[in-house]
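Numbering (mature numbering (1 follows the signal peptide of the UniProt record, and there is no 0)), first residue to last: -19 to -1, 1 to 365.
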C-alpha cells in the first residue's frame, strides 16, 4: 500500500510539474493569455489535456497547437455556435485535445515534406471512429497513432480562399474542412513544443454534417439523401468518400436527379473506398478496390496533381470522424484515365511518399445491394 501511495504521489507531482511548466511557457506569449486562462478554467485543470498515465521520466512527447487570442475571440462567429468558453465541458475538452499533437514537432519538421498527417490526443469514438492503419503506426508508433488526425501542408490547402501571411509557416486542416495557419515559434516546455495557430480547429464530424457544411457539395448531399446511404456512411468506420463538386454533377447532366435510386447508389459506392486514404500515403499507380463489387479506382500523380481515374483531386483530406473526403473536379468513370501531362491550370495537391495503405475489414457499406453501375454510367455518358 505504501509503495502504491508513493507511486500515486509521484504521478501527481509529475503532472503538477508538467502543468506548471506549460503555464510558464504560455505566459511568455501575451497573445496566448486567453488560451492559458481557458486551460486553467477546465474542471480538471491543465492536466486534462495532457497524455493520461504519465509517469516520472516519461518519454511521451507532444506538440500543443495554441490558438491565439484573436482565434478564440472569433470562434463563435466562425462556427455559428457559442463562445468557446461556453461549450459543454466534454465538447470543450474534445476541442482542446484535438490541439495536442501526439508527436514533438518543430516548424522545420512540419515542413520537411510537402504534407503530413499527424495524430492528436483526441480518441473519443464520437470524433474518431477510425483505425490508425499501417502508415500512421509506422510513422508514430501504435499508441500515438490511435488519435484522430490533423492534415498539415506547406502550401495553402484551399488556394482560392487562403491568404498568405508572413507569420504562417504551415497550413492545417481539421474537421468540417476548417483550416488554420500555424506560426512556428518552437516554444519548448517539458513535454515538447508549443506552436501558435490563428484559428480554432474543430474535431471531425460525421460525413453528413461535413458534406452538408460544404457549399460545393450540395449535389452530392442530394444524391446521398436520395439513396438513403447517409446512415451507413456515417456509422461505418474507415471510409474515404470521393466527392464530385456541384459543377461536376452539373457537367454530367445532374445524375442525382436523372438516375433512379439503384443506379445512383451504385455510382456512389464506386466513389467510396473502404479505408482512410490520406494523400501523404498515396503511391502513384496504386489500385484501390471501391465498394462497388469488382470495380477498382486507380490513383495516379501527374506532376503536382492527383487523379482518381479521370477525376482530379481539387481539395484533399477533408476529415470526418470515420475517415475523410477528397473533393474531385468530375464524376469518375470506371475506365477513366488522367491526362498524360499536368493540367496547365492545376493548383498543387500536397502529397508525400509512404507505403500503400491496406484495406481494413469489410464494413456495413459494402453489404449494400449494388446493381446497374454500367447502366448508371451509360446514362451519365449520354448526358455529357
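We put the beta carbon where it would ideally sit given N, CA and C, even for glycine.
- The criterion of a C-beta distance shorter than 9 Å is not satisfied by residue 122 and residue 262.
- Residue burial annotation: residue 265 is exposed, with fewer than 16 other C-beta atoms found within 10 angstroms of its C-beta.
- Taking all protein chains shown into account, residue 40 has fewer than 16 neighbouring C-beta atoms within 10 Å of its C-beta and is therefore exposed.
- Within its own chain, the residues whose Cβ lies closer than 6 Å to the Cβ of residue 293, once the five positions on either side in sequence are excluded, are 286 and 310, listed in chain order.
- When secondary structure is reduced to three states using DSSP, residue 192 falls in the helix class.
- Between residue 304 and residue 221, the gap from beta carbon to beta carbon is short of 9 Å.
- In the structure shown, the three-state DSSP call for residue 174 is strand.
- Out of 165, 128, 156 and 167, the CA that lies nearest to the CA of residue 192 is found in 156.
- Per DSSP, residue 71 is one residue of the alpha helix (DSSP H) stretching across 70 to 78.
- Taking C-beta atoms as the reference points, residue 102 and residue 30 count as a pair closer than 9 Å.
- Apart from sequence neighbours up to five positions away, the residues of its chain that approach residue 289 with a beta-carbon distance below 8 Å are 223, 278, 279, 280, 307, 309 and 313, ordered along the chain.
- Under the DSSP assignment, residue 118 falls in the alpha helix (DSSP H) whose first and last residues are 115 to 121.
- The beta carbon of residue 17 lies closer than 7 Å to those of 4, 7 and 8 in the same chain, with the five residues before and after it left out.
- In the three-state scheme derived from DSSP, where H, G and I count as helix and E and B as strand, residue 10 is classed as coil.
- When secondary structure is reduced to three states using DSSP, residue 261 falls in the helix class.
- Under the Cβ criterion (8 Å, minimum of three pairs), the segment 59 to 72 does not count as touching the segment 227 to 236.
- Assignment of residue 288 by DSSP, reduced to helix, strand and coil, places it in the strand class.
- Secondary structure at residue 164: strand, using DSSP grouped into helix, strand and coil.
- The segment 178 to 247 contains, as complete alpha helix (DSSP H) runs of 4+ residues, the segments 188 to 193, 199 to 208, 211 to 216, 227 to 232 and 236 to 239 (chain order).
- For residue 269, the CB contacts under 6 Å within the same chain, skipping 5 residues up- and downstream, are 254 and 278 in chain order.
- Residue 256 sits in coil when the DSSP states are folded into three classes, being neither helix nor strand.
- In this structure, the CA atom of residue 52 is about 19 Å from the CA atom of residue 23.
- Per DSSP, reduced to three states, the secondary structure at residue 300 is strand.
- Between residue 185 and residue 129, the C-beta gap is smaller than 9 Å, which places the two residues in contact.
- DSSP, reduced to helix, strand and coil, places residue 149 outside both helices and strands of the structure shown, so it counts as coil.
- Residue nearest to residue 172 within the set 160, 84, 78 and 60 is 84 (criterion: CA-CA distance).
- When the five nearest sequence neighbours on each side are left out, the beta carbons in the same chain lying within less than 6 Å of the beta carbon of residue 91 are those of 133 and 151, in order along the chain.
- When the beta-carbon positions are compared, residue 153 and residue 182 come within less than 9 Å of each other.
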